[in-house]
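Quick note: the sequence shown uses my numbering, first residue 2, plus one each step. Every residue, glycine too, gets a C-beta built ideally from N, C-alpha and C. From a predicted model like this one, the values you see are computed outputs, not experimental measurements. The block underneath contains the structure these notes are about, expressed in structure tokens.
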Amino acid sequence: MKGISVGIRGVGSYVPERRLTNQDLERMVDTNDEWIVTRTGIRERRIAAPDEATSDLALKASVRALEAAGLAADELDLIVVATITPDMFFPSTACLLQDRLGARKAAAYDLSAACSGFIYALANAAGLIASGMYRNALVVGAECLSRITDYSDRNTCILFGDGAGAVVLGPVPEGRGFRSFVLGADGSGGDLLKVAGGGSRLPPTADTVAQRRHFIEMNGREVFKFAVRVMGNAAEEALEKAGLGKADVDLLIPHQANIRIIQSALERLGLPQEKCVVNLDRYGNVSAASIPLALAEAVEDGRVREGDRLLMVGFGGGLTWGASVLVW
Ligand code: UT7
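Printed below as a string of structure tokens:
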């Protein structure tokens with residue numbers, strides 16, 4: 002990346018208290034723990050309380066990230082929230098968060114790129130800082146996927162959960178920070194993963210509710226094939242752009258959708274399991290929040306040391322994908 006060196010100065014995360022286990026799902030749809038664990042690696046997910054929305058989760062993760070960075074909210078110039086489950090159509094979740102944080106100086110907007118949203122938002126904010134336009138940015142991935150999950154559809158309801166992760170971006174010493182970003186999209190695959198109802202094409206009616214069009218609809222097999230292909234491609238491209246090889250990666254932080262997709266990425270990169278952060282067993286797929294949640298946990302667990310080369314890579318609805326190399 003050209004311009005000022007930009008890196009992550011603090012991380013924070015938050016997950017709701019309630020757990021939805023595979024055993025709970027066995028009582029809701031025709032499924033079983035063994036199928037879910039072997040096909041996905043997921044054992045439980047977190048579910049937001051009835052009075053909790055995406056901005057509530059985002060707020061808790063953001064307060065922790067600001068604390069870790071030693072930055073006051075009113076020093077923020079920018080807030081970007083990556084989410085596909087905003088509190089409401091508008092105002093944006095980022096504006097709700099800006100108010101509750103007291104980040105008076107910050108511009109605020111949401112970014113919609115599904116599970117790739119966090120990487121897209123990082124690229125966005127890092128670019129604005131590198132250009133000299135802003136100094137301090139808060140980038141959040143936050144989701145309440147339980148609100149758009151059809152708990153009568155066994156193909157999807159086993160996968161998704163709720164949570165939030167946040168990072169504070171700012172200038173860092175030269176030699177550290179983001180080294181590359183790769184962002185991509187293939188809108189021709191949009192139908193493979195979507196929520197069709199509620200927008201301007203199919204506004205909410207009693208019929209759209211009865212037909213369950215406000216929930217996630219997914220062609221799992223096709224998304225799986227796409228994911229395996231783009232995770233490897235995007236990761237390799239990001240490394241090449243950063244001038245690094247596969248062996249230089251200290252830690253891989255992949256989107257947490259399916260353990261079999263993560264394993265195929267590890268094989269393609271020739272990396273051992275120990276160099277990969279996995280939390281999907283406990284949280285399932287939390288879309289834009291998956292990568293920052295995994296990053297925050299890795300940092301808190303002492304798995305990330307100064308100078309480590311991190312590779313983040315994700316894919317999702319759109320279809321979209323994104324990868325980034327970062328020196329911690
Ligand atoms: O962030 C992006 C979000 N999406 C993804 O990442 C999804 C990517 N795709 C996947 O992770 C996998 O495709 C799934 C986990 C969704 C499904 O695994 P799969 O190995 O691709 O299974 P499948 O769809 O090929 O289904 C195999 C069988 C089917 O039965 P038949 O038709 O072979 O008799 C399904 O009906 O498994 C059945 N099945 C289930 N059985 C028990 C599907 N869901 C379940 C379930 N429990 N929950």
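Distance, residue j Cα to residue i Cα
| i | j | result |
| --- | --- | --- |
| residue 111 | residue 268 | 34 Å |
| residue 143 | residue 180 | 25 Å |
| residue 35 | residue 174 | 48 Å |
| residue 236 | residue 206 | 42 Å |
| residue 129 | residue 135 | 6 Å |
| residue 3 | residue 182 | 12 Å |
| residue 204 | residue 165 | 28 Å |
| residue 239 | residue 325 | 6 Å |
| residue 170 | residue 31 | 44 Å |
| residue 148 | residue 288 | 13 Å |
| residue 219 | residue 167 | 27 Å |
| residue 29 | residue 163 | 18 Å |
| residue 26 | residue 244 | 45 Å |
| residue 276 | residue 232 | 16 Å |
| residue 131 | residue 323 | 19 Å |
| residue 190 | residue 319 | 7 Å |
| residue 89 | residue 263 | 32 Å |
| residue 221 | residue 151 | 15 Å |
| residue 50 | residue 17 | 7 Å |
| residue 255 | residue 279 | 8 Å |
| residue 298 | residue 304 | 9 Å |
| residue 211 | residue 202 | 17 Å |
| residue 217 | residue 94 | 20 Å |
| residue 270 | residue 229 | 12 Å |
| residue 329 | residue 153 | 43 Å |
| residue 140 | residue 281 | 21 Å |
| residue 327 | residue 197 | 35 Å |
| residue 160 | residue 126 | 29 Å |
| residue 119 | residue 307 | 22 Å |
| residue 157 | residue 101 | 33 Å |
| residue 290 | residue 242 | 25 Å |
| residue 54 | residue 63 | 14 Å |
| residue 59 | residue 98 | 7 Å |
| residue 9 | residue 293 | 11 Å |
| residue 317 | residue 47 | 20 Å |
| residue 92 | residue 146 | 19 Å |
| residue 113 | residue 23 | 29 Å |
| residue 7 | residue 209 | 45 Å |
| residue 215 | residue 200 | 9 Å |
| residue 178 | residue 213 | 44 Å |
| residue 124 | residue 83 | 12 Å |
| residue 246 | residue 272 | 11 Å |
| residue 155 | residue 5 | 48 Å |
| residue 19 | residue 38 | 20 Å |
| residue 87 | residue 65 | 20 Å |
Opposing strand residues paired with residue i [DSSP bridges]
| i | result |
| --- | --- |
| residue 255 | 314 |
| residue 46 | 21 |
| residue 144 | 164 |
| residue 169 | 11, 139 |
| residue 286 | 161 |
Cβ-heavy atom distance, residue i to the ligand ZN, below 7 Å
| i | result |
| --- | --- |
| residue 312 | Among the ligands modelled here, namely the ligand UT7, the ligand ZN does not occur. |
Terminal residues of the beta strand (DSSP E) in which residue i lies
| i | result |
| --- | --- |
| residue 36 | From DSSP, residue 36 is part of no beta strand (DSSP E) but of the alpha helix (DSSP H) over 34-41. |
| residue 10 | 7-15 |
| residue 321 | 321-328 |
Within-8 Å CB hit, residue i to chain C
| i | result |
| --- | --- |
| residue 201 | In the displayed structure, chain C is absent; only one protein chain is listed. |
Segment limits, alpha helix (DSSP H) that includes residue i
| i | result |
| --- | --- |
| residue 80 | Per DSSP, residue 80 belongs to no alpha helix (DSSP H); it is in the beta strand (DSSP E), 79-83. |
| residue 292 | 291-301 |
| residue 264 | 260-270 |
| residue 68 | 55-70 |
Does the structure place the region 72-79 close enough to the region 89-107 that three or more beta carbon pairs sit under 8 Å? The region 89-107 is in contact with the region 72-79.
With a threshold of 8 Å, are at least 3 pairs of Cβ atoms found where one atom belongs to the region 61-76 and the other to the region 13-27? The answer is yes - the region 13-27 touches the region 61-76, with three or more Cβ pairs under 8 Å.
In chain order, each alpha helix (DSSP H) run of at least 4 residues that lies wholly inside the region 85-130: List check, alpha helix (DSSP H) in window: 94-102.
The region 301-314 contacting the region 246-258, beta-carbon criterion three pairs below 8 Å: Because the criterion of three Cβ pairs below 8 Å is met, the region 301-314 and the region 246-258 touch.
Hey, which unbroken runs of the beta strand (DSSP E) at 3 residues or more fall wholly within the region 172-254? Whole beta strand (DSSP E) segments, 3+ residues: 178-186.
With three or more beta-carbon pairs closer than 8 Å as the criterion, would you say the region 276-286 touches the region 39-49? Contact holds: three or more Cβ-Cβ distances are below 8 Å.
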